[in-house]
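Some notes on the structure that comes next.
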Amino acid sequence: MFFNQKVTFIYADINNKLVSFNYNNDLAYIRSYLSNSGIVTSQYTEERPADIETISDDIAFSSGDYIIFYIDTYRKLKLSQGICRKLTSNEFFDSKCIFLFDNEMLKEKNSLSELIDNQFVISGLDLLVNYLNGNTEQNKNNQYIYMNDLIPIDKIYTVGFQINEYSSFDVIEEEFFYVKEKIGNIKSLIPLVIKSCNNFEQLSQFLVRQSEVQFHLILSEECITDEVLSNIQIKELTLIVGNSVSIDKILRISKQKIKLNFVFCLDSEQALLECLQSVKKMLTMGITLENICFQDKKKIIINEMSLKLIDEIKKESRIGSLNDPLYNGVLMFYSGMYTSNILDGAVKHIQVNHQLEEEDFRKLSRLVSLNSALISSSTSKAGEDKHQYFLEDEEIQLEDSFYADSLKLANKMDVFSHHHTQKNNKIQLDNYAIQDLYFEAYSKDNKKNATILNLNTKNDLECFLEDVKYFEQTGGFRHRYQINSKLLDSCRWLGMGGCSVSNVPRLILNQDKSISPCFNCNKSIGTLNEELFELKENSQMIIEEEKLKRGCATCEIKDVCSKCTFLPDYMSSEQYCTIRKKQPILEKYIQSSQVLNFIFNYSNYLNSNSVEINDIKLSNAYTSQLFKEKRMELDNISINSDIHLLRFKDEFILFDLAKVKLSRINRVLAYILEAFYKGYDGNRLIEIIQRDFSISLEKAREIYEQSNEMYENLGIILKKEVV
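Per this note's numbering, the sequence shown runs over residues 21 to 743.
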């Protein structure tokens, strides 16, 4: 479950019924090979041996999209198969298991029938890369293609078994028999492409004879017949469609619980509109669509009605990836929460609200690095744009716009020549991806679809502080928007070091060429004519002057306050300081909402589909679920800031943000950690344990010492010696 991780490698061994997971040099080279192909990997390691039952839960929490077991002995094969069976028995586990074999091991064991699905060898790493990337070009004639159900849906009719009116089912059956013999029992879906067929009865009989196999059927709508759909081996269906769809046929398919995909082949604006109307109607009727792909035979202008339908479909089906690095970068820009590892001394994002000249781009080039982005802001609303959208190369593009004009000029000046961002409630990475952005006022009643929440008014601020108050009382969140959305200028409510404005990671270029570092604030740190070091110096001077004026150096909450200097115009410094002192939990609130957002999006177990917002709570120094004593103002215990304690229903889970790892713990360990959060330790804590658990003092001391030792050894707590 590492951020953007695709693959988790496992090298497991067993001794005295305990499983260990060790680092392997071969895997380091393999991971480097995959990294060069753009595949993000990690290796699961665990120093302390454990039983399969315990370790399987941990792996299920920590895995990426794929788990690759590295096998170099027969014993490790059997162990890995056991772990795999245990993992796949978990209803929340949705990663795919792959087995990678050492070449020498396969020479000793050349019976492939003993191996399970998705096996590869080190000498064939190119096949593994193709498998992980869904690349069909090199795999087209390879036996492994028949076990690959991850081929891009718009390419799937180029692989698998091809059937047309000239096909002989006897020949197909012979080929199919050869493939089964070659790779052993096939348990994945086999692509079966029906380009045309004159004898559906023969096709149906062929499917019946392959009763041990499940198929992914790819065909045009006119090839759908009762004979074809009556076969229970069909588990997934991809329809190749030229215009509108027969909804009656689709309803019959959906009732059979067959996964349904569409590839729309378009040649006109009218065909696009009809296809979009069909998709919208299917979603409205509750039909689940797995994948939707549009293939354009020519450049197609998208009219206003089609744009509206696309927007509605995306809302219904939640199309769009949160893994897009540009999307994450834009969220950093609006929230102000820049991670230290991406700050390279240059400005990361610059927002421009007006047309720039060549000289402006020349000056901007002094402020940015190769990995920076220009955000061009337009005030036009959807449907009012003077420019046109069009469909070309399977992507929605834009022409004759403020964005397009700025992009052309930027490229001419060799500025921002790789990543480009357009803010018109859309963001676009070159020609690659589009993601909707929705900006809403925090005080608005319905903001469930909001991406960015604004605190533009005092009313917005009051609504926000009410949500914070509930979190302080319960450790939970009342609404999903608190997790799904980012707060504009979230950095204002973080703790010490949370404000990165002195590094100038973002700028807003105003009409008069003055530069502001934050939103809704009229304070300027200079103009476009100044160098970057001058802007940083100006920023630092303003910050230091404000700190002296407020008395931040001697403030009781200086360690949990970001000391924001560039406040919105409606908020005075006195009001800001009062809020921070009254609700010191603000830092924890922002951090906790970000942690849950991360977990919901990237965890295989705790994801937004399986978790009700009221079922999850977080513990910290201000609120706890088990340990009910009031917080003590002691600083002899330091808790690792990357560690977060969650309660999901009746389970307690530790989330390590640095390792991106979830681990279950029992109630006693959760109770002890909550006590540490609140500053309790030593004999005082032992007495409370004795009282709360109704046990002897000796047993309470034993529980305390064992828990304390474990947390110290894991680096979760650090205790300072009191002299």
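Every residue, glycine too, gets a C-beta built ideally from N, C-alpha and C. Every value quoted in this text rests on a predicted model; they were computed, and no experiment measured them.
Whole-number beta carbon distance between residue j and residue i, since they are thought to touch under 8 angstroms
i              : j              : result
isoleucine 706 : arginine 721   : 5 angstroms
cysteine 519   : lysine 583     : 7 angstroms
threonine 61   : lysine 26      : 7 angstroms
leucine 529    : isoleucine 370 : 6 angstroms
asparagine 110 : alanine 80     : 5 angstroms
serine 727     : leucine 689    : 6 angstroms
glutamate 332  : lysine 300     : 6 angstroms
cysteine 285   : isoleucine 312 : 13 angstroms between Cβ atoms; not a contact.
asparagine 474 : leucine 508    : 5 angstroms
In DSSP terms, what residue i is bridged to
i              : result
aspartate 676  : Ile663 and Lys681
glutamine 182  : Val213
glutamate 460  : Leu473
alanine 70     : Val39
isoleucine 312 : Phe282
glutamine 502  : Glutamine 502 pairs with nothing; no bridge assigned.
isoleucine 91  : Phe121
glycine 546    : Ile535
isoleucine 370 : Leu394 and Leu527
tyrosine 64    : Ile30
isoleucine 737 : Ile659
Cβ neighbour criterion (16 or more within 10 Å) applied to residue i
i                 : result
serine 778        : With the chain covering 21 to 743 only, the question about residue 778 has no answer from this structure.
histidine 499     : exposed
isoleucine 447    : Residue placement at isoleucine 447 is poorly supported in this model, since its pLDDT is 45, which falls under 50; the coordinates are not used for a value here.
threonine 471     : buried
isoleucine 769    : The structure shown does not extend to residue 769, since the chain is modelled only from 21 to 743, so the question has no answer here.
tyrosine 724      : buried
phenylalanine 553 : exposed
valine 39         : buried
lysine 7          : Because the chain is modelled from 21 through 743, residue 7 falls outside the range shown and cannot be assessed.
glycine 735       : exposed
serine 360        : exposed
lysine 37         : exposed
valine 228        : exposed
tyrosine 43       : exposed
isoleucine 362    : exposed
leucine 717       : exposed
lysine 506        : buried
glycine 349       : buried
glutamine 531     : exposed
aspartate 413     : Note that aspartate 413 scores a pLDDT of 47, beneath 50, so its modelled location is shaky; the value from the coordinates is reported in the next line. Exposed.
serine 55         : exposed
arginine 526      : buried
Rounded straight-line distance, which links the Cα of residue j to that of residue i
i                 : j                 : result
asparagine 542    : isoleucine 563    : 15 angstroms
tyrosine 86       : tyrosine 596      : 47 angstroms
glutamate 701     : alanine 695       : Residue identity check: residue 701 is aspartate in the sequence provided, not glutamate. Distance between the alpha carbons of aspartate 701 and alanine 695 is about 7 angstroms.
lysine 669        : asparagine 621    : 19 angstroms
isoleucine 599    : phenylalanine 491 : 15 angstroms
aspartate 712     : aspartate 676     : 28 angstroms
serine 613        : glutamate 607     : 10 angstroms
isoleucine 244    : leucine 293       : 23 angstroms
methionine 302    : threonine 308     : 8 angstroms
phenylalanine 647 : tyrosine 358      : 34 angstroms
glutamate 256     : glycine 496       : 40 angstroms
leucine 148       : isoleucine 91     : 15 angstroms
cysteine 104      : phenylalanine 381 : 55 angstroms
leucine 616       : lysine 637        : 10 angstroms
methionine 352    : serine 224        : 54 angstroms
glutamate 551     : asparagine 703    : 59 angstroms
methionine 591    : arginine 512      : 12 angstroms
leucine 548       : isoleucine 330    : 39 angstroms
asparagine 469    : tyrosine 609      : 20 angstroms
leucine 568       : leucine 587       : 16 angstroms
isoleucine 183    : cysteine 295      : 26 angstroms
tyrosine 235      : aspartate 662     : Note that residue 235 corresponds to phenylalanine in the displayed sequence, not to tyrosine. Near 45 angstroms, if we compare the C-alpha coordinates of aspartate 662 and phenylalanine 235.
isoleucine 50     : threonine 28      : 12 angstroms
glutamine 560     : glutamate 566     : 10 angstroms
isoleucine 673    : lysine 383        : 50 angstroms
alanine 641       : tyrosine 697      : 5 angstroms
isoleucine 214    : phenylalanine 220 : 10 angstroms
lysine 106        : isoleucine 118    : 14 angstroms
Q. How about the region 478-486 and the region 458-467: do they share at least three Cβ pairs that are nearer than 8 angstroms?
A. Put simply, the region 478-486 touches the region 458-467. At least three CB pairs are less than 8 angstroms apart.
Q. Can you find at least 3 beta carbon pairs, one from the region 614-633 and one from the region 682-702, that sit closer than 8 angstroms?
A. yes
**Q.** Segment contact, 8 angstroms Cβ cut-off, at least three pairs: the region 566-580 with the region 527-539
**A.** no
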